[in-house]
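So the number in this note's numbering is just where the residue sits in the sequence shown, counting from 1, plus 12.
Report on the structure given below.
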Amino acid sequence: MPYRYVRVFFAVFLGFTLTLFAVAADKSKSAAANANQPSYDLPQPQRETLDYGMYQRIRDEGLGHSHVMEYASALDDDIGPRLTGSANLKHANEWTRDQFTAMGCSNAHLEDWGEFGMGWQQLNTLIRMTAPDTAVFIAQAAPWSPATNGAINAPAVWIDVKDAKDLDQYKGKLAGKIVLYGEMRDVPPVDKPLFVRLDDAELKKLTEYPLKPRGRDFIEQYMKRLELRQKVGQFLADEHALAVVTPSRDGRDGGGSGGTVFDDSGAGFGWEAYKREHANPLPVVVTAIENYGRVYRLLKAHVPVTMEMNIDTKFTGDHEHGYDTIAEIPGTDPKLKDEVVMVGGHLDSWASGTGATDNGAGTVVSMEVMRILNTLQVKPRRTIRVALWTGEEEGEFGSYGYVKQHFGNVPLSTAPDQLKLPEWVRKPAGPVQLKPDQQKISGYFNVDNGSGKIRGIYLQENAAIAPIFAQWIEPLKDLGVTTVTMRNTGGTDHEAFDAVGIPGFQFIQDPLDYGSRTHHSNMDTYERLQPEDLAQAAVVEAIFVYNTAMRDQMLPRKPLPHPELEEQRRAPLTNIMPGAEAAEKDAKEKADQTPKEE
Ligand SMILES: [Zn+2]
13 MPYRYVRVFF AVFLGFTLTL FAVAADKSKS AAANANQPSY DLPQPQRETL DYGMYQRIRD
73 EGLGHSHVME YASALDDDIG PRLTGSANLK HANEWTRDQF TAMGCSNAHL EDWGEFGMGW
133 QQLNTLIRMT APDTAVFIAQ AAPWSPATNG AINAPAVWID VKDAKDLDQY KGKLAGKIVL
193 YGEMRDVPPV DKPLFVRLDD AELKKLTEYP LKPRGRDFIE QYMKRLELRQ KVGQFLADEH
253 ALAVVTPSRD GRDGGGSGGT VFDDSGAGFG WEAYKREHAN PLPVVVTAIE NYGRVYRLLK
313 AHVPVTMEMN IDTKFTGDHE HGYDTIAEIP GTDPKLKDEV VMVGGHLDSW ASGTGATDNG
373 AGTVVSMEVM RILNTLQVKP RRTIRVALWT GEEEGEFGSY GYVKQHFGNV PLSTAPDQLK
433 LPEWVRKPAG PVQLKPDQQK ISGYFNVDNG SGKIRGIYLQ ENAAIAPIFA QWIEPLKDLG
493 VTTVTMRNTG GTDHEAFDAV GIPGFQFIQD PLDYGSRTHH SNMDTYERLQ PEDLAQAAVV
553 EAIFVYNTAM RDQMLPRKPL PHPELEEQRR APLTNIMPGA EAAEKDAKEK ADQTPKEE
């Protein structure tokens, strides 16, 4: 133990009582005494034992002999977009399974996480203005849009609907029309780079812990907007409008312009458009904002506009299931091989690009992690298991489904206002129900923030793990990995693990042009992938996975979540005001002294 640690140790040590000392000594003395206690509950060593030789071998294989871009081209160019429920996604499930087997993994297979909804594919989307001038538009069908069944040519009309009651004025006026739905938004100049990296100041800011808890307001507002859209869609179908054109939303720093179209649940008529009972009731496309703007301005100035549309889409069944791809490198330590470390990301994407950065990137990084470790013929003490999830974009279904089947479940609120919401935004009710394997998984590592290299890791408020990861990244600083933050990050599959008390992590990644241009857009293609960044991410993640598989103990955990106690724990303290208490006592005494009337 180096001197400075001895000093710290004694300073802490002297603070303990003898009784506490006895307990601590007992804990470290014999593993047998703790045979029934999972190793994540035992005191963690001050110093990590790291295999620097393996650090170097992983760096050499992953940086010097990367194959990550070959996986990316096969996945994005050959298989293509991977909307959940689609034939392409099933193809990707099978291809990844076979690649895991080919690289040397064991037990590569698909696991069914349950019924999803409708299978859908965009075959063609053509839309143009035919009067007062001809103009060809950049457009994409909204996911799960029905087809127009051939070309339609019709007058265009813009509807001004901010509230359901605004619909009344359009009764009887929309039959046979192509409807523009959506206010024209600002199109700011792109005066900042669309492609950015985190600088030192931003990384430092990330290490500050925000003390104000985040509300759920934004989710509830978003769901309200979608509820209105669902009503509008039904109204337009009832009025026999032919089809709907919507404007693309914006991206960070004005990125939603210049040909970029964002095309996800927000483009259609409701979050659950993949379910038959919530299906888009008429064809709907999202157009580049500049195309939308031209028609919008003409219509507002009372210039008649006609448009031609031909949307061809294919539905492949109402009850498609979703699958996760799973594969392993088996553990070799007789005592630890039943314990698991998991790594992964989601395999599904939206449909207008090829899902290269969201989340082809996390997929090919996971594949490359497993390829590197197989190539180096590592003999991990614990089993290393990779999982490629699906249904992430619609509500993290694949990861939650897997966790529910293997590790545990968080019952959701059944309050009437909550039952109206899709499951993924419903409040947890608890108590958390655990399966035995929940005690056998050390941690889960996820990549789903685009193509950017890894700059650090979010601890998900797990303070006990901070000194461990700080030591792991020390030899990775030259690769730009510098930051360990207590902060939470959300919106992707590590949350499924975190929800049942398993350490689940997402890395801090350089943003690049993910938020400005590629996330859920028609420009999410192979060209937006940065090969050196992906190679770095695979190396860093492989080292995290390897360290987790090799250390003596499992990673320390946060206390198990107790959503069922949340309300009680947040309730204001009672009898807190000394004055109020006295007044109450006074009143009681007076009441006692008052002679009772019989
Ligand atoms: Zn994603």
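All residues carry an ideal CB built from backbone N, CA and C; glycine is no exception.
- If you compare the alpha carbons of GLY266, MET354, GLY492 and ARG306 with that of ALA168, the shortest gap goes to ARG306.
- Taking 9 Å as the cut-off, the Cβ atoms of THR337 and PHE112 count as close.
- Counting along the chain, no beta strand (DSSP E) covers ILE514, and no H or E run does either.
- By the neighbour-count definition (other C-beta atoms within 10 Å, threshold 16), ILE485 is a buried residue.
- A direct Cα-to-Cα measurement between LEU122 and TYR335 gives close to 6 Å.
- At a cut-off of 8 Å, the beta-carbon of GLY407 does not count as near ligand 1: no heavy atom of the ligand is closer than that.
- A distance criterion of 8 Å places the beta-carbon of THR504 in contact range of ligand 1, judged by its closest non-hydrogen atom.
- Two segments are said to touch when three or more pairs of C-beta atoms, one from each, lie closer than 8 Å; by this definition the segment 500 to 519 touches the segment 471 to 490.
- At the C-beta level, MET321 and LEU254 come within 9 Å of one another.
- In summary, MET589 is exposed, with fewer than 16 beta-carbon neighbours lying within 10 Å of its beta-carbon over all protein chains present.
- Remark: C-beta atoms of ARG209 and GLY464 approach each other more closely than 9 Å.
- Looking at the DSSP output, LYS183 bridges to nothing.
- PRO167: not part of any alpha helix (DSSP H); member of the beta strand (DSSP E) spanning 164 to 171, first to last residue.
- Look at the beta carbons and you see the segment 118 to 134 not touching the segment 494 to 507: under three pairs across the two are nearer than 8 Å.
- Taking the Cβ of GLY374 as the reference point, at least one heavy atom of ligand 1 falls within a distance shorter than 8 Å.
- Around the beta carbon of VAL415, 16 or more other beta carbons sit within 10 angstroms, so the residue counts as buried.
- Here the distance from the Cβ of ASP88 to the nearest heavy atom of ligand 1 is not below 8 Å.
- The C-alpha of THR494 is placed about 48 Å away from the C-alpha of PRO158.
- Taking C-alpha positions only, GLN417 is separated from GLY184 by approximately 51 Å.
- Beta-bridge pairing by DSSP links GLY65 to no other residue.
- Sixteen is the threshold: since fewer than 16 other Cβ atoms of the shown chains lie within 10 Å of the Cβ of ILE231, the residue is exposed.
- In the same chain as LEU206, and ignoring 5 residues on each side of it, the C-beta atoms closer than 7 Å to its own belong to ASP265, GLY267, ASP525, SER528 and ARG529, in chain order.
- With the criterion CB distance below 5 Å from any heavy atom of ligand 1, the matching residues run ASP370, ASN371 and ASP460 along the chain.
- In this model, ALA550 and LEU87 are separated by some 17 Å (Cα to Cα).
- Counting along the chain, LYS204 sits inside no alpha helix (DSSP H), nor does DSSP assign it H or E at all.
- The Cβ-Cβ distance between LEU75 and ALA373 does not fall below 9 Å.
- Checking the DSSP bridge columns, you'll see TRP132 partnered with PHE327.
- No residue range can be given for PHE149, since it is assigned to no beta strand (DSSP E) and is classified by DSSP as neither H nor E.
- Taking a contact to require three or more Cβ pairs closer than 8 Å, the segment 421 to 433 and the segment 389 to 402 do not qualify as touching.
- Scanning its chain for C-beta atoms nearer than 8 Å, with the 5 sequence neighbours on each side dropped, one finds around ALA147 the residues ARG140, MET141, ASN303 and ARG306, in chain order.
- By the Cβ test, the segment 571 to 582 is in contact with the segment 436 to 443, since at least three Cβ pairs between them sit closer than 8 Å.
- Judged by DSSP in its simplified three-state form, VAL557 adopts helix.
- LYS102 counts as buried, since at least 16 other C-beta atoms from the protein chains shown sit within 10 angstroms of its C-beta.
- Linking ASN100 to VAL459 through their CA atoms gives a straight-line distance of about 21 Å.
- Taking 9 Å as the cut-off, the beta carbon of THR369 is found no closer than this to the beta carbon of HIS506.
- A direct Cα-Cα distance of roughly 17 Å separates ASP324 from ALA279.
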